[in-house]
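A.B. asks:
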Amino acid sequence: MTGSSERSGARIWNYWRIARWTAALALLLTPLVMMQISDEWHWNIGSFLVAGTIIGGVGLLYELAERASGSRAYRAGAAIALVAPVLLVWSTIVRDDGNGIGFFMVIMAAAVGSFSAWFRPAGMARTMFGIAIMQALLGLAIATAPSTVSIPDGPLRAWLYSGFFTVLWLMSAILFRVSAKEDR
507 MTGSSERSGA RIWNYWRIAR WTAALALLLT PLVMMQISDE WHWNIGSFLV AGTIIGGVGL
567 LYELAERASG SRAYRAGAAI ALVAPVLLVW STIVRDDGNG IGFFMVIMAA AVGSFSAWFR
627 PAGMARTMFG IAIMQALLGL AIATAPSTVS IPDGPLRAWL YSGFFTVLWL MSAILFRVSA
687 KEDR
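Heads up: the sequence shown runs through residues 507 to 690, numbered per this note's numbering.
Okay, structure coming up:
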């Protein structure tokens, strides 16, 4: 009885959990520090609330994924599947090139697919593979759009941007597939 409570206590306060939440806090406090150093950083309380909600939400979702499976492949796949949308949203907001709605639809499809798979590894693998295909097709649509073709290096940038996220989704799919094979 004592051994199991010691293990659960150690599991709750493990070093990786402390490191994750410390990194999240550091990431959230970076703009506050930069506002003191540079005049080019202008965040208001709303910006911090949105960033905190996104970063904290991803942290909490990863905590749930960590409890859902003991498989390291599942955890790594979940981590990538959670970080990819954050990077996608953040970079879409920063770039603000008018293509954001397509990327947000990819994220919504990932969320709907994950819920419909009940977060099981085999279903998550299929979902992430489908999202990778969606991401690649969106990259193709953006790269061949007349507005992108008229920009120097526009198609190349669109391919590289979308290709990066396609690779992330595929990595997540592969890790979920490995986890599904481990469960059998």
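By construction, the Cβ of each residue, glycine as well, lies at the ideal position given by its N, Cα and C atoms.
1) Quick check on the burial criterion: 16 or more other C-beta atoms within 10 angstroms. Buried or exposed for N605?
2) Which residues in the same chain have their Cβ closer than 6 Å to the Cβ of A642, if we skip the five residues on either side of it in sequence?
3) What number of angstroms, rounded off, separates the C-alpha of A587 from the C-alpha of P537?
4) Within the continuous alpha helix (DSSP H) that includes E546, where are the two ends?
5) In this structure, does DSSP put G645 in helix, strand or coil?
6) By alpha-carbon positions, which one of Q542, F554 and E546 ends up nearest to A530?
7) Using the Cβ count rule (16 or more neighbours within 10 Å means buried), how would you classify T633?
8) Assuming R683 is part of the alpha helix (DSSP H), what are its boundary residues?
9) With a threshold of 16 other CB atoms inside 10 Å of the CB of L594, please say whether the residue is buried or exposed.
10) For L676, collect the residues of the same chain with a Cβ closer than 8 Å to its Cβ; drop the 5 residues on either side in sequence, then sort them by chain order.
C.D. replies: In brief:
1) One-based indexing of the sequence shown puts residue 605 at position 99. Buried.
2) Residue numbering aside, residue 642 sits at position 136 when the sequence shown is read from its first letter. Result list for A642: T672, in chain order.
3) Position 81 of the sequence shown, counted from the first residue, corresponds to residue 587. Position 31 of the sequence shown, counted from the first residue, corresponds to residue 537. Their backbone Cα atoms lie some 25 Å apart in a straight line.
4) Looking up residue 546 in the sequence shown gives position 40. Segment: none, E546 is in no alpha helix (DSSP H) and carries neither H nor E.
5) Locating residue 645 in the sequence shown gives position 139, where the first residue counts as 1. If DSSP states are grouped into helix, strand and coil, G645 belongs with the helices.
6) If you number the sequence shown from 1, residue 530 lands on position 24. Per the Cα distances, F554.
7) Counted from its first residue, the sequence shown places residue 633 at position 127. Buried is the call here.
8) Position 177 of the sequence shown, counted from the first residue, corresponds to residue 683. G660 to D689 is the span of the alpha helix (DSSP H), which, as asked, contains R683.
9) Locating residue 594 in the sequence shown gives position 88, counting from the first residue. Buried is the call here.
10) Locating residue 676 in the sequence shown gives position 170, counting from the first residue. Answer for L676: M634, F635 and A638, listed in chain order.
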